[in-house]
Amino acid sequence: MVPAVNPPTTSCHVAVIGAGAAGLVAARELRRSGHSVVIFERGNQIGGVWAYTPNVEPDPLSIDPTRPVIHSSLYSSLRTIIPRECMGFTDFPFSTRPENRSRDPRRHPGHSEVLAYLKDFAREFKIEEMIRFDTEVVRAEPAAKNPKKWRVESRNSGDVSDEIYDAVVVCNGHYTEPRHALIPGNN
Numbered sequence: 001m002v003p004a005v006n007p008p009t010t011s012c013h014v015a016v017i018g019a020g021a022a023g024l025v026a027a028r029e030l031r032r033s034g035h036s037v038v039i040f041e042r043g044n045q046i047g048g049v050w051a052y053t054p055n056v057e058p059d060p061l062s063i064d065p066t067r068p069v070i071h072s073s074l075y076s077s078l079r080t081i082i083p084r085e086c087m088g089f090t091d092f093p094f095s096t097r098p099e100n101r102s103r104d105p106r107r108h109p110g111h112s113e114v115l116a117y118l119k120d121f122a123r124e125f126k127i128e129e130m131i132r133f134d135t136e137v138v139r140a141e142p143a144a145k146n147p148k149k150w151r152v153e154s155r156n157s158g159d160v161s162d163e164i165y166d167a168v169v170v171c172n173g174h175y176t177e178p179r180h181a182l183i184p185g186n187n
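Residue numbering for the sequence shown follows UniProt numbering, beginning at 1 and increasing consecutively.
This is the structure we're talking about:
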């Protein structure tokens with residue numbers, strides 16, 4: 001296990017956007033360094049791209065801006081092409097655990113095993129207590145009264161919240177919403 005770093009002389013209040021692999025490890029390291037952390041997760045669980053849903057968007061080309069956005073780039077039988085030994089965090093190996101006989105022991109596990117690993121990581125380091133689930137960040141910008149701070153506007157079930165943070169770490173990934181080239185005559 002990596003030893004905790006000495007706390008900084010000044011503790012910062014940090015917003016982390018996204019509770020996938022990058023957001024979880026960023027939050028853990030920030031807290032280890034003595035900062036207070038809030039993780040904003042648009043979904044209802046951790047895992048980011050590894051949180052599978054069988055639902056698909058009704059508008060796969062994302063033409064209709066009012067369409068429901070269904071975040072998923074997984075399919076039900078997906079397995080990793082990278083061996084589990086290369087996917088884990090240095091101080092929290094992605095190994096098979098004998099106490100979990102129902103888990104996927106293969107070297108190239110399925111997406112549900114990757115998600116279970118991320119949940120194990122969050123549980124081990126008590127990260128879930130920092131997460132605001134079903135909360136979307138709709139804006140992050142320098143604070144008007146103090147440009148060295150950040151104003152983060154978030155929405156949860158219609159309730160909008162404005163908060164000030166010392167820093168923002170963006171870990172929302174590349175797979176949130178499709179991007180399509182605008183090609184004249186091909187719209």
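Even glycine gets a Cβ: it sits at the ideal position worked out from N, Cα and C.
Looking only at Val138, Phe133, Arg107 and Thr96, the smallest Cα-Cα distance to Asp120 is reached by Thr96. Sequence-distant partners of Ala143 (beyond 5 residues in either direction) whose C-beta falls short of 8 Å from its own C-beta, in its chain, are Lys149, Trp150, Arg151 and Ile164. In this structure, the straight-line span from the alpha carbon of Phe89 to that of Ile82 is close to 14 Å.
With distances taken between CA atoms, Ala51 lies nearest to Gly110 out of Arg139, Cys12, Gly110 and Gly158. Annotated as distal: Val38 and Ala167, with beta-carbon spacing of 8 Å or more. Listed in chain order, the alpha helix (DSSP H) runs fully inside the region 110-166 are 111-124, counting runs of at least 4 residues. Beta-bridge pairing by DSSP links Ser36 to His13.
It is roughly 19 Å from the alpha-carbon of His108 to the alpha-carbon of Gly20.
Of the residues Asp134, Leu118 and Thr135, the one whose Cα lies closest to the Cα of Ile127 is Leu118.
Counting along the chain, the unbroken alpha helix (DSSP H) around Cys86 starts and ends at Arg84 to Met87. When C-beta atoms of the region 133-142 are compared with those of the region 30-46, three or more pairs fall below 8 Å, so the two segments count as touching.
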